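Visitor:
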Amino acid sequence: MTVHYDAKNHTQILFTFSEGSVWGKCYKQCLFNVGVTILIYVLKEKYDINLAINDKGHSFLSILTSFLVVTRMSIIYSRFWSSREVVAKMYRSGRRLASKTAVYTMFDSSDEAQIYREQIMRKLLKLIGSSTYIIQDNAMSIALVEGCDVEDVKRRDFSSKNAIKSNSHDLEMLQDPDLLGLSLHAIIVDHAKYLSKPLLMPHELDLLTELDNYLHSYSTLIKTASSPFPFPVVQMTYTLVGIYLLTLPFVLCDDIRNKYVAATVILFLTYGFLGLTLVATELQDPFNGDPNDFEMDKYRDRVANGVEADLSCVFTNLDDWYTRNDDKDDDNQNKFAWASIFGTDMSYSSGT
-18 MTVHYDAKNH
-8 TQILFTFSEG
2 SVWGKCYKQC
12 LFNVGVTILI
22 YVLKEKYDIN
32 LAINDKGHSF
42 LSILTSFLVV
52 TRMSIIYSRF
62 WSSREVVAKM
72 YRSGRRLASK
82 TAVYTMFDSS
92 DEAQIYREQI
102 MRKLLKLIGS
112 STYIIQDNAM
122 SIALVEGCDV
132 EDVKRRDFSS
142 KNAIKSNSHD
152 LEMLQDPDLL
162 GLSLHAIIVD
172 HAKYLSKPLL
182 MPHELDLLTE
192 LDNYLHSYST
202 LIKTASSPFP
212 FPVVQMTYTL
222 VGIYLLTLPF
232 VLCDDIRNKY
242 VAATVILFLT
252 YGFLGLTLVA
262 TELQDPFNGD
272 PNDFEMDKYR
282 DRVANGVEAD
292 LSCVFTNLDD
302 WYTRNDDKDD
312 DNQNKFAWAS
322 IFGTDMSYSS
332 GT
């Protein structure tokens, strides 16, 4: 889930240690380094045991470590926001496909036209549900990129920690988004069979463009979800950060006379280097539901609510659309199509 906060409330930000904060992941290492620092000073003061090491080599190590940590963080942060833009484009294209279909067929209230709208609605809901599921499931994303068929992937045992979904019914209803896109394409171009007045060519191309934008965004997100940061760089970063932080207390004990000042410096240096490393690791995969990740299920449900509102009945004008959406309550939000396809109600309502 996304962690929301007031950027102007500095006190709240500084003293937030709940889910989403990096303190919970690195405080043990911070306290360990502080304890080692105090121990080094105690041994030197009481037993004349000097464990200090020369800081010249350590200064070169700090430069290399800083470079790796900052470079990795910058690349992952850039990819994080690029993915957020693609996520928005994907869901926006799905919703616009439904809205434009409703508008382009608004003057045809025949039963055949409503069948046309409902076919698009059902295929589009399946596409939204299946693509969201696959993007969130790291193991399945990797398998599909490697060329496996969705049906073969569904029969595999995804009990590893990378597979975040465990609902067997969800897996049963899952379909290949590419095949769903092809089927939806066929329905759109077959409009003359259902509509008393076929779609104009620009309108048909507009719907197909929105569908193509959705599938292109989906393929981009699958590529991102299945492409981890290069392992050698991550391995080097973890190794050098670990060595740097473990040896840091032995370097500073000769430069700083007061053990409590040294312990404070060690605390925040450990927090800085280790914290940035852990933040980069968390942002590397922004789809699997961790704190600070994208709320993919919420985005999916809101778009699905809108798709059903657009296509469940004939569209007449904006006032009619607003009335239909405003009159819905949290317990009855056009759940018929979604529940009949996936067997469950949507987790999020349009009012959340």
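Here the numbering used here is used: the first residue of the sequence shown is -18, the next is one more, and so on.
Every residue gets a Cβ at the ideal spot worked out from N, C-alpha and C, and that includes glycine.
Computed from a prediction, not measured in an experiment: that's the story for all the values here.
Between the Cα of Phe249 and those of Val3, Arg60, Asn(-10), spot the shortest distance and give me the residue it belongs to.
Guide: Val3
Visitor: Compute the Euclidean distance between the alpha carbons of Ile109 and Ser59, then round it to the nearest angstrom.
Guide: 26 angstroms
Visitor: Can you have a look at Asn35 and say buried or exposed, based on whether 16 or more other CB atoms are within 10 angstroms of its CB?
Guide: Around the Cβ of Asn35, a 10 Å sphere holds fewer than 16 other Cβ atoms; the residue is exposed.
Visitor: Could you tell me if Pro211 is buried or exposed, where buried requires 16 or more neighbouring beta carbons within 10 angstroms of its beta carbon?
Guide: Pro211 should be labelled exposed.
Visitor: Less than 8 angstroms between the beta carbons of His184 and Tyr85, yes or no?
Guide: yes
Visitor: Would you say the region 245 to 262 touches the region 217 to 229, given that touching needs at least three Cβ pairs under 8 angstroms?
Guide: With a cut-off of 8 angstroms on Cβ pairs, the region 245 to 262 is in contact with the region 217 to 229, counting three or more such pairs.
Visitor: With 16 as the cutoff for other CB atoms within 10 Å, does Lys204 come out buried or exposed?
Guide: exposed
Visitor: Taking buried to mean at least 16 other C-beta atoms within 10 Å of its own C-beta, is Ser198 buried or exposed?
Guide: buried
Visitor: Quick check on the burial criterion: 16 or more other C-beta atoms within 10 angstroms. Buried or exposed for Pro267?
Guide: buried
Visitor: Taking the alpha helix (DSSP H) that Leu108 belongs to, which residues open and close that run?
Guide: 92 to 117
Visitor: Looking only at C-alpha atoms, which of Asp291, Arg283, Cys294, Leu292 sits nearest to Ala69?
Guide: Considering only alpha carbons, the answer is Arg283.
Visitor: Are the beta-carbon atoms of Gln10 and Leu155 separated by less than 8 angstroms?
Guide: no
Visitor: State the Cα-Cα distance for the pair Leu20 and Cys7, rounded to the nearest angstrom.
Guide: 20 angstroms
Visitor: Classify Phe(-2): buried if its beta carbon has 16 or more other beta carbons within 10 angstroms, exposed otherwise.
Guide: Classification for Phe(-2): exposed.
Visitor: Count the C-beta pairs between the region 42 to 58 and the region 259 to 279 that are closer than 8 angstroms, then say yes if the count reaches three, no if not.
Guide: yes
Visitor: Between Thr18, Ser293, Lys174, which has its C-alpha nearest Pro230's C-alpha?
Guide: Ranking Thr18, Ser293, Lys174 by Cα distance to Pro230 puts Thr18 first.
Visitor: Should Leu78 and Glu191 be called a contact, given that it needs their Cβ atoms to be closer than 8 angstroms?
Guide: A Cβ-Cβ contact shorter than 8 angstroms links Leu78 with Glu191.
Visitor: Among the candidates Val260, Asp193, Ala285, whose CA atom is the shortest distance from the CA of Met54?
Guide: Val260
Visitor: Look at the alpha carbon of Val23 and the alpha carbon of Thr228, and state the distance between them as a whole number of angstroms.
Guide: 17 angstroms
Visitor: So which of Gly270, Thr245, Leu196, Asn239 has the shortest CA-CA distance to Tyr72?
Guide: Leu196
Visitor: What number of angstroms, rounded off, separates the C-alpha of Gln100 from the C-alpha of Ser90?
Guide: Those two C-alpha atoms are separated by around 15 angstroms.
Visitor: Between the beta-carbon of Leu49 and the beta-carbon of Met277, is there less than 8 angstroms?
Guide: no
Visitor: How long is the line joining the alpha carbons of Arg76 and Arg98, rounded to whole angstroms?
Guide: 14 angstroms
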